[in-house]
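Q: Structure incoming, see below.
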Amino acid sequence: MMWSLLLLGLRPQVSADAIRESLARSAGSGVESSVRQLFADPKEADYLVAMAGRRGGLRRLKVSVIPAPPGYEALGPYWAVFSARQDIEEDHDPVFPIFTGPDSWKLGPEIPEDGNRELSIKDVSVVAKLDPEKGLIEATAMLKLTGAAKRAPLFRLNLPYEATSYSGQGSGRIWNAAEGVPTPKVGDLVRAGALLIPWRKDVSGQIEFSYRGIIQSENEDTITPTHAYVTAWWVPTLTRLPHPTRVKVTGPADWVLRSEGTLESSKVEGSFQTVAYKCDLPISYPKILGGKYVLAAEAEDGGKTFRSWQFAPIDEARAKKDVQLMVDAARYFGENLGAWPFPGYECFDAKGYYGIESYSYTLLAPRITSAYVTHEMGHTYFGGIVPSAYVHDSWNEGLTQYIDSVIFRKNWDRTLETGLRSLEEKTPLDRMPVPHAFGGHSYTRGAYVMRMLEAEIGPDKVLEGLKVLVKERAGKETRWADLRGVFERVGGKDLSWFWAQWVQNTVFPTVEVRSMETVTVDAPFRTIVNVAQSGSASAMKLRFKLKLTDGKATHEEIVIMKARQEGFVVRTSFKPTQAEIDVFGLSLARVKK
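Following this note's numbering, the numbering of the sequence shown begins with -2 at its first residue and continues without gaps.
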């Protein structure tokens, strides 16, 4: 409420330079309370604080202040941008309106990352050159746009990149807000943190950006004399929405070079080579990978080629194991989800890099290739064919974990057990955009919910729903909310309650056996088991297994509970002496012993 009153009643009178200095001083202090007091509502700093914690702390953030871009003036006279070098498919630089009065100012709620959808990217062509000795990439991206802009488009490009030129409707001065508060004119380009803003309302047709950056990190993107990983926000994006890509990259002739999709051309000139890749599948995260790799193992299957690439010396046994895993996964996914969309798949060992979601190849640390190469192949469908922007949720992590770890690899890594232990995480699945945050439960709780869905509509219907999802939502940004309709149609059931309880909910109940009484003296014995649930705002629909035993024989029966307290009549061939509840794979709930 306070920020809206500021917006309605005050005019810009405080110096933007003074605001910028104050913002930088508060962030530089590293003190959370100092940052929160900048906001009209301190809770609006929640994401900023969490993001900073994942990116090295508040002191590592850079702060920019810019005038509100054309078309956004109603949101406040100035904007504040808090920026860091972001990793792939995770966080983003938050942007806040600044509301000013005669002697004071405050930050308002974050301007949504995907708030401007009037304009989108139809396709992208990128020409890039790697200079491994300098750790440098130079790139030009031609973006074909669709839609009718009514305000300035807010492109995003990672912090290490410096814009060197652009062309479109106007090609004026390039302002770098890191150097001070800009005063742009129509036709200029403003760079503020990750934001890359053509300063006009009516951008359309196509626009071209040229940029360069020194890319060197210890465990993320890097360019070195032996390898290069360019994966995170290196192509200008609008709200991370998917689009086809063409990537032409020049690098050392003795490297293996890759980007998404299929190889269009390859040419060697002296000590350099240029390769061009085309990916007609709309994706949100194109990448470049290269290095002095050695082919460690390969196999042909079904007209597809699967390869393991390592740095010398190679681990042949691991390479052969990984290739066989790729062959088996491609067969399984192809049969159950739809045709494999690429000529094959490749797994590259990473140096100083944990791993990435990818679609026609992946990059993984050597110690985890055998564990996760099939997970990344699952992303070819969930995240690739059906895109996830990682803006509102990361549904694709849960579904990929389900189809790979739970179904294909038969819960080999105890994903389901970990998912059941996610009860203390107070964030709903449909609000987990950063997959490695929230205890990683976007993966495990998401997979667990899919296992619960099996009990509701049947395992065969779940697999059928996944196949329908891949077919119907190919190339379309997708969220948890979009999945419900698919499974409702395939399963023939209303799943609104299921989504409300397990996808959108954060508080899960505790169930307990209150009493049991055997009411017949001869077989078959009839026992009334009284069960209670507590801890949630209202009674939830729960499915669980009742286990009755006499110490020797055991009887198990799945029941459904809808009230705070219910009695279940169970018939057995023996007289039970004990009753237990088992919720595993059926409900997200605690069991009180």
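Backbone N, C-alpha and C fix where the C-beta goes; we use that ideal spot for every residue, glycine too. In this text the structure is predicted, and so the values were computed from the model without any measurement.
1) Nearest to residue 287 by CA position, among 333, 297, 232 and 344, is which residue?
2) Pairs of beta-carbons, one from the region 405 to 412 and one from the region 427 to 435, closer than 8 Å: are there three or more?
3) Between which residues of its own chain and residue 303 is the CB-CB distance below 6 Å, once the five residues before and five after are set aside?
4) Quick check on the burial criterion: 16 or more other C-beta atoms within 10 angstroms. Buried or exposed for residue 245?
5) By how many angstroms is the C-alpha of residue 389 removed from the C-alpha of residue 416?
6) Along the chain, where does the alpha helix (DSSP H) that runs through residue 543 open and close?
7) Check the DSSP bridge columns for residue 585 and list the partner residues they point to.
8) Where do the ends of the alpha helix (DSSP H) carrying residue 321 lie?
9) Report buried or exposed for residue 261, applying the criterion of at least 16 other Cβ atoms within 10 angstroms of its Cβ.
10) How big is the Cα-Cα spacing for residue 228 and residue 577?
11) Measuring alpha carbon to alpha carbon, tell me which of 450, 42 and 384 ends up nearest residue 469.
12) How is the beta strand (DSSP E) around residue 133 delimited, first residue to last?
13) Under a Cβ-count criterion, where at least 16 other Cβ atoms within 10 Å of its own Cβ denotes burial, should residue 235 be classed as buried or exposed?
14) According to the neighbour-count rule (16 or more other Cβ atoms, all chains shown, within 10 Å of its Cβ), is residue 194 buried or exposed?
15) Is it the case that the region 104 to 120 contacts the region 146 to 153, given that we only count it when at least three CB pairs across the two stretches are under 8 Å?
16) Exposed or buried, which one is residue 180 when buried takes at least 16 other CB atoms within 10 Å?
17) Kindly indicate the opening and closing residues of the beta strand (DSSP E) around residue 564.
18) What would DSSP say about residue 479, mapped onto helix, strand or coil?
19) Could you name the residues of the same chain whose beta carbon sits closer than 6 Å to that of residue 589, not counting the 5 residues immediately before and after it, in chain order?
20) Can you check DSSP and say which residues form a bridge with residue 205?
21) Spatial neighbours of residue 160 within its chain, please: C-beta separation below 7 Å, excluding the five flanking residues on both sides.
22) Going by the CB atoms, is the gap between residue 223 and residue 212 shorter than 8 Å?
23) Is it buried or exposed, residue 266, if we count other Cβ atoms within 10 angstroms and call 16 or more buried?
24) Just checking my contact of residue 559 with residue 538 at CB under 8 Å: how many whole Å lie between their CB atoms?
25) I'd like the ranges of any beta strand (DSSP E) spanning at least 3 consecutive residues and lying wholly in the region 476 to 527.
26) Please list the segments of the beta strand (DSSP E) lying wholly inside the region 352 to 439, counting only runs of 3 or more residues, in order along the chain.
27) From the DSSP output, in three-state form, read off residue 6 for me.
28) Let's see if you can read the secondary structure: which residues bound the beta strand (DSSP E) around residue 299?
29) Near residue 263, which residues of its chain fall below 6 Å by C-beta distance, leaving aside the five closest residues on each side in sequence?
30) Tell me which residue opens and which closes the alpha helix (DSSP H) that residue 464 is part of.
31) Please classify residue 22: does DSSP put it in a helix, a strand, or coil?
32) Considering only the beta carbon of each residue, do residue 370 and residue 377 sit closer than 8 Å?
33) Applying the 10 Å Cβ sphere with the 16-neighbour rule, what's the burial state of residue 393?
34) Taking DSSP's pairing of strands, which residues face residue 228 in a bridge?
35) Can you look up residue -1 in the DSSP assignment and give me helix, strand or coil?
36) Grouping DSSP H, G and I as helix and E and B as strand, with all else coil, what is residue 251?
A: According to the data block:
1) Considering only alpha carbons, the answer is 344.
2) no
3) The beta carbon of residue 303 lies closer than 6 Å to those of 296, 320, 323, 324, 341 and 342 in the same chain, with the five residues before and after it left out.
4) buried
5) When rounded, the separation of the alpha-carbon atoms in residue 416 and residue 389 is 20 Å.
6) Segment 539 to 546 is the beta strand (DSSP E) holding residue 543; no alpha helix (DSSP H) there.
7) Beta-bridge annotation (DSSP): residue 585 is not paired with any residue.
8) 313 to 334
9) exposed
10) Taking the straight line from one Cα to the other gives about 50 Å.
11) 384
12) 133 to 144
13) Buried, because 16 or more other Cβ atoms sit within 10 Å of the Cβ of residue 235.
14) Within a 10 Å sphere around the beta-carbon of residue 194 sit 16 or more other beta-carbons, which makes this residue buried.
15) Because the criterion of three Cβ pairs below 8 Å is met, the region 146 to 153 and the region 104 to 120 touch.
16) exposed
17) 562 to 569
18) helix
19) Same-chain partners within the cutoff: 507 and 509.
20) By DSSP's assignment, residue 205 forms a beta bridge with 139 and 164.
21) The answer, listed in chain order, is 171, 186, 188, 193, 206 and 208.
22) no
23) exposed
24) 5 Å
25) You should have 507 to 515.
26) 358 to 361
27) Low local confidence applies: a pLDDT of 42 at residue 6 is under 50, so the model's placement there is unreliable, and no value is given.
28) Premise fails: residue 299 is in no beta strand (DSSP E) and is neither H nor E.
29) Around residue 263: 272.
30) 456 to 469
31) helix
32) no
33) buried
34) Answer is none; residue 228 lacks a bridge partner.
35) Confidence at residue -1 is low in this model, with a pLDDT of 40, below 50, so the placement of that residue should be treated as unreliable; the coordinate-derived value is given next. Residue -1: helix per DSSP, three-state reduction.
36) coil
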